[in-house]
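Numbering (UniProt numbering), first residue to last: 1 to 476.
Next comes the structure, spelled out in structure tokens:
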């Protein structure tokens, strides 16, 4: 039996701000099908976690964490959900706040969390063979596991979900945060700063990221946010494992959020479109091609490209809808688009999971022109709901969406290479041409219907990585 402890700052269904939570929620559940693996998860106990989960938690134990000159208590609670044990680390000072991130002391909060994880290993009965940490918030748990060796022969895996976020703090606070000799600064320092992500990359036995394409990109200075030298040094230990999605959760046949459930029926999909058009105040026309964007409204998502070409593209016989929140620049722009084209465009500046599902179930195309995209979730969901993705060839988008080829009849979407607005406009116009060519459209939809990205496939690959670290076979 191989014991894996996942360490992360968020996890569905308890707390979620993005795709990290989906990974940490889904991967242990997929690994559970392997009788040779026992996976558990450890998280902060945020004030934001719903009472329905808190009511199910049981107090387990408490320990003291030395954070420089301060002693902080960490209370540990447990919860058994869907036959997985979850540990929650409670501390009123660091985690009894609104929201999850965005505080001036986030670095200190998650250094505390990482130290509490290491301290907890001496107090819980579960002794992991492998500690698998995710993103910078858990990065120092990897470094401390290597330095302090809280469990004999425990190995570590670290997964980068987005290299842009690194947990950078002044180097001078090393002595305030750690009870370590200064010889360990070198493994945590980068460009004169204390860097949680670098600490994990330096100390981890294996490094993964969330798609093969992103694993290659982050070795390039353009994508690496300055960390390419260490990634090039660790290239033999770096692997890209494509994220999956929960095919039971994202299933248009059973989804309770959508108006008309379906497997692959275009007729029923059009019925959903009529309901959505009415909800969004757009003219009802099931034949009108509907293009959607569901995203955080930030530069990374390629929205500057959309800004440059949307006025021109919307002159076509199409409808457009966008759902999301983010930077004021983009919120204002898309609000103005809807005001200028009330018969063609709808902007919903919020995030509503139910509405997102309705949009996936109703749309013909999903637009994802990202500047970079470690894996991407929206295109995987879109394929499940038989909506054709239009993406830029970067990271996980390139790994999951293959451009439609009229000659071979292959491909499950549309893509463009250069981060260029006119290239985006060109591919949008080409997609519209295929939509208006019944035979080509039918062939493309057949390909979409065959596209499935399950967490079981990802679990197979992670099992192989764990197997490299431990001699016991891990088979799924």
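Every residue gets a Cβ at the ideal spot worked out from N, C-alpha and C, and that includes glycine.
What does DSSP give as the partner residue(s) for residue i in the beta ladder?
i	result
residue 264	None; residue 264 has no bridge partner.
residue 169	194
residue 157	132 and 206
residue 88	43 and 77
residue 120	Its beta-bridge partners do not exist; DSSP assigns none.
residue 368	391
residue 15	11
Thinking C-beta only, is residue j closer than 8 Å to residue i?
i	j	result
residue 282	residue 325	no
residue 355	residue 323	yes
residue 363	residue 400	no
residue 30	residue 378	no
residue 415	residue 393	yes
residue 86	residue 96	no
residue 270	residue 259	no
residue 359	residue 247	no
residue 411	residue 390	no
residue 207	residue 237	yes
residue 84	residue 54	no
residue 149	residue 66	no
residue 334	residue 428	no
In or out: residue i buried (at least 16 other Cβ within 10 Å) or exposed?
i	result
residue 123	exposed
residue 172	exposed
residue 69	exposed
residue 221	exposed
residue 368	buried
residue 26	buried
residue 52	exposed
residue 373	buried
residue 131	buried
residue 71	exposed
residue 197	buried
residue 129	buried
residue 152	exposed
residue 417	exposed
residue 15	buried
residue 19	buried
residue 192	exposed
residue 442	exposed
residue 245	buried
residue 256	exposed
With DSSP run on the structure shown, which of helix, strand or coil describes residue i?
i	result
residue 114	helix
residue 435	helix
residue 469	helix
residue 193	strand
residue 359	helix
residue 130	strand
residue 6	strand
residue 234	coil
residue 291	strand
residue 400	helix
residue 67	strand
residue 414	strand
residue 296	coil
residue 454	strand
residue 392	strand
residue 33	coil
residue 107	helix
residue 99	coil
residue 320	strand
| query | Is the region 222-235 touching the region 445-458, taking contact as three or more C-beta pairs under 8 Å? | reply | The answer is no - the region 445-458 does not touch the region 222-235, with fewer than three Cβ pairs under 8 Å.
| request: Give a yes or no on contact between the region 417-435 and the region 240-251, applying the rule of three or more CB pairs nearer than 8 Å. | output: Not touching, per the Cβ criterion.
| field | the region 451-467 in contact with the region 28-37 per 3-pair CB rule at 8 Å | value | The region 451-467 vs the region 28-37: in contact.
| said: Whether or not the region 123-140 and the region 154-168 are in contact is what I'm after, with contact meaning three or more pairs of Cβ atoms, one per stretch, closer than 8 Å; do they touch? | reply: Touching, yes, given that three or more Cβ pairs across the two stretches are closer than 8 Å.
| Does the region 157-164 touch the region 180-190, meaning 3 or more C-beta pairs lie closer than 8 Å? | Under the three-pair Cβ rule at 8 Å, the region 180-190 does not count as touching the region 157-164.
| query | Counting Cβ pairs closer than 8 Å, one from the region 265-283 and one from the region 393-409, do we hit at least three? | reply | No: fewer than three Cβ pairs fall under 8 Å.
| task | Would you be able to state if there are at least three C-beta pairs under 8 Å between the region 40-58 and the region 97-111? | result | The region 97-111 vs the region 40-58: in contact.
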